[in-house]
Amino acid sequence: MPHYLEEQDSHVTKIAVLGAAGGIGQSLSLLLKTGLAPLVLRSPGSHVHMAMYDVNRDAVAGAATDLSHIDTPVSVSFHAPDDAGLERALTRAQIVVIPAGVPRKPGMTRDDLFAVNARIVAGLGDAIAAHCDLAHVAVLLISNPVNSLVPVLVERLAAHGAEQAARHVFGLTQLDAVRASTFLRDALGSDSHDMPLVPVVGGHSGDTIVPLLSQAPGADALSPDARRALVHRVQYGGDEVVQAKNGAGSATLSMAYAAARVTAKFVELQMGLVPELHDTLYVQLRDARGRLLAPGAEQVAELVPGVEYFSVPVTVTGKGVSHVHGELLARMDAHERAQLLPVCVKNLAANIRAGQEWVAAAP
Ligand code: NAI
Numbered sequence: 001m002p003h004y005l006e007e008q009d010s011h012v013t014k015i016a017v018l019g020a021a022g023g024i025g026q027s028l029s030l031l032l033k034t035g036l037a038p039l040v041l042r043s044p045g046s047h048v049h050m051a052m053y054d055v056n057r058d059a060v061a062g063a064a065t066d067l068s069h070i071d072t073p074v075s076v077s078f079h080a081p082d083d084a085g086l087e088r089a090l091t092r093a094q095i096v097v098i099p100a101g102v103p104r105k106p107g108m109t110r111d112d113l114f115a116v117n118a119r120i121v122a123g124l125g126d127a128i129a130a131h132c133d134l135a136h137v138a139v140l141l142i143s144n145p146v147n148s149l150v151p152v153l154v155e156r157l158a159a160h161g162a163e164q165a166a167r168h169v170f171g172l173t174q175l176d177a178v179r180a181s182t183f184l185r186d187a188l189g190s191d192s193h194d195m196p197l198v199p200v201v202g203g204h205s206g207d208t209i210v211p212l213l214s215q216a217p218g219a220d221a222l223s224p225d226a227r228r229a230l231v232h233r234v235q236y237g238g239d240e241v242v243q244a245k246n247g248a249g250s251a252t253l254s255m256a257y258a259a260a261r262v263t264a265k266f267v268e269l270q271m272g273l274v275p276e277l278h279d280t281l282y283v284q285l286r287d288a289r290g291r292l293l294a295p296g297a298e299q300v301a302e303l304v305p306g307v308e309y310f311s312v313p314v315t316v317t318g319k320g321v322s323h324v325h326g327e328l329l330a331r332m333d334a335h336e337r338a339q340l341l342p343v344c345v346k347n348l349a350a351n352i353r354a355g356q357e358w359v360a361a362a363p
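Just so you know, full-length UniProt numbering puts 192 at position 192 of the sequence shown, and the rest follows in order with no gaps.
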């Protein structure tokens with residue numbers, strides 16, 4: 001297995017996974033190694049390469065060597081800090097997925113991770129600015145607290161002169177929608193194979209997570225108490241895993257599943273198999289100078305005054321976010337609009353401010 005890719009071929013779609021030896025990183029890399037194969041087989045002449053980077057050299061070398069024995073046409077390399085590994089992982093990467101950082105232990109909130117993970121993510125942001133094409137790269141951030149670290153990353157890249165950084169940095173909040181879908185099916189007692197889709201907007205932490213049950217099929221059959229319990233379970237579902245692991249970390253397998261689904265969409269886009277992708281992603285709606293991310297951002301910004309960043313349905317093309325969709329928000333019911341959204345906005349604003357203040361004070 002090559003230690004790193006010397007590939008110059010412009011037909012290569014290269015994904016860098018930073019933090020690839022961790023619980024999420026390893027599972028995600030397995031899902032990409034196996035799950036992306038059909039895309040490659042559908043596109044003669046194409047090539048997908050996955051560069052796995054981690055500060056834990058032995059762990060990333062072991063995981064990548066192990067994965068490289070799987071018989072799918074997705075090539076793998078590993079990289080560690082010695083030997084300019086981060087530069088090699090990032091050079092010519094069009095998609096960067098970041099699960100690097102510390103996970104929660106029982107009793108911790110995602111905000112308790114902030115100081116450690118902000119330093120890690122800012123450092124990785126500096127390397128992305130140095131080695132990636134900022135006009136085209138897509139950076140998918142998993143590390144928590146997503147609410148604060150996406151601002152850290154966007155503003156760090158902007159400080160390196162990436163004017164359009166906000167169009168290329170996405171916080172991954174999909175696990176909340178995955179959980180919402182599963183938990184709604186549980187609550188309905190349904191044994192159907194069709195999972196009800198539940199739109200989830202806002203942030204990725206406690207009551208900043210806003211499941212829009214008003215727009216989920218079947219949810220109107222639930223009593224008000226059952227709806228309240230379901231919203232709470234979606235908002236705090238991550239705690240179930242943290243408690244069950246009892247000190248050994250937080251969700252890894254379900255997160256890897258959620259991240260692999262989104263990453264595959266970005267790979268399809270990069271390979272030219274689709275002209276655009278649609279998903280719900282945590283993005284900057286409006287920057288400090290009042291510049292809007294893309295058409296549609298103004299409508300969303302008006303519905304959530306006071307927060308610059310929000311997880312909302314977007315359209316993404318090869319040039320980054322091309323449209324922000326506020327239709328779901330505009331259709332919220334009275335409870336979502338008057339109860340859930342104001343709490344979300346208040347707490348999310350504080351999380352965003354923490355990230356911005358950290359960047360402003362950082363060396
Ligand atoms: P983990 O501890 O198993 O893995 C983290 C990996 O990052 C380790 O292999 C570590 O060596 C590596 N790492 C640390 N510093 C690094 C650096 N500077 N560069 C490259 N790699 C570095 O943690 P796990 O469970 O994989 O979680 C990772 C992050 O994802 C945590 O912050 C966690 O809170 C977050 N998370 C996010 C979710 C979401 O929905 N967005 C859901 C679940 C977890």
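Ideal placement from N, C-alpha and C gives every residue a C-beta, glycine not left out.
Just so you know, these numbers come straight off a predicted model, no measurement behind them.
Inset, instruction - Using DSSP bridges, identify the partner residues of residue 281. - result: As DSSP reads the structure, residue 281 sits in a beta bridge with 312.
Inset, instruction - Tell me whether residue 53 sits in a helix, a strand or coil according to DSSP, three-state version. - result: Residue 53 falls in the strand class under three-state DSSP.
Inset, instruction - Count the other C-beta atoms from every protein chain shown that fall within 10 angstroms of the C-beta of residue 201, then say buried if there are 16 or more, exposed otherwise. - result: Counting Cβ neighbours within 10 Å, residue 201 comes out buried, since at least 16 surround it.
Inset, instruction - Please go through the same chain and pick out, in chain order, the residues whose beta-carbon is closer than 6 Å to the beta-carbon of residue 349, but skip the five residues on each side of it. - result: Here the set comprises 306 and 307.
Legend entry - Alpha-carbon to alpha-carbon, residue 279 and residue 95: Distance between the alpha carbons of residue 95 and residue 279 is about 16 Å.
Inset, instruction - Would you identify the three-state DSSP class for residue 14, choosing helix, strand or coil? - result: If DSSP states are grouped into helix, strand and coil, residue 14 belongs with the strands.
Inset, instruction - Put residue 251 into one of helix, strand or coil per three-state DSSP. - result: The DSSP-derived three-state label of residue 251 is coil.
Inset, instruction - Please specify which runs of the alpha helix (DSSP H), each continuous and at least 4 residues long, are wholly inside the stretch 218-262, giving them in chain order. - result: Listed in chain order, the complete alpha helix (DSSP H) runs (minimum 4 residues) inside the stretch 218-262 are 224-235 and 237-245.
Legend entry - Proximity below 8 Å, CB of residue 294 to CB of residue 286: Cβ distance not < 8 Å, so residue 294 and residue 286 don't count as in contact.
Legend entry - Three-state secondary structure assigned by DSSP to residue 331: In this structure, residue 331 counts as coil in the three-state DSSP scheme.
Inset, instruction - Name the two residues that bound the continuous beta strand (DSSP E) containing residue 27. - result: DSSP places residue 27 outside any beta strand (DSSP E); the residue lies instead in the alpha helix (DSSP H), whose first and last residues are 23-35.
Inset, instruction - Might you give, ordered along the chain, the residues of its own chain that have their beta carbon closer than 7 Å to the beta carbon of residue 91, omitting 5 neighbours on each side? - result: Answer for residue 91: 131, listed in chain order.
Inset, instruction - Give every residue of the same chain whose Cβ lies closer than 6 Å to the Cβ of residue 48, excluding the five residues on either side of it in the sequence, and list them in chain order. - result: Counting only Cβ-Cβ distances below 6 Å, and skipping sequence neighbours, we find 13, 36, 40 and 74.
Inset, instruction - Please classify residue 29: is it buried, with 16 or more other beta-carbons within 10 angstroms of its beta-carbon, or exposed? - result: Flag for residue 29 reads buried.
Legend entry - Residue ranges of each beta strand (DSSP E) within the stretch 91-131, 3 or longer: Runs found: 95-98.
Inset, instruction - Work out the CA separation of residue 328 and residue 210 for me, nearest whole Å. - result: Taking the straight line joining both Cα atoms gives about 12 Å.
Inset, instruction - Look up residue 211 in the DSSP assignment and say whether it is helix, strand or coil. - result: Looking at residue 211 - three-state DSSP - the assignment turns out to be strand.
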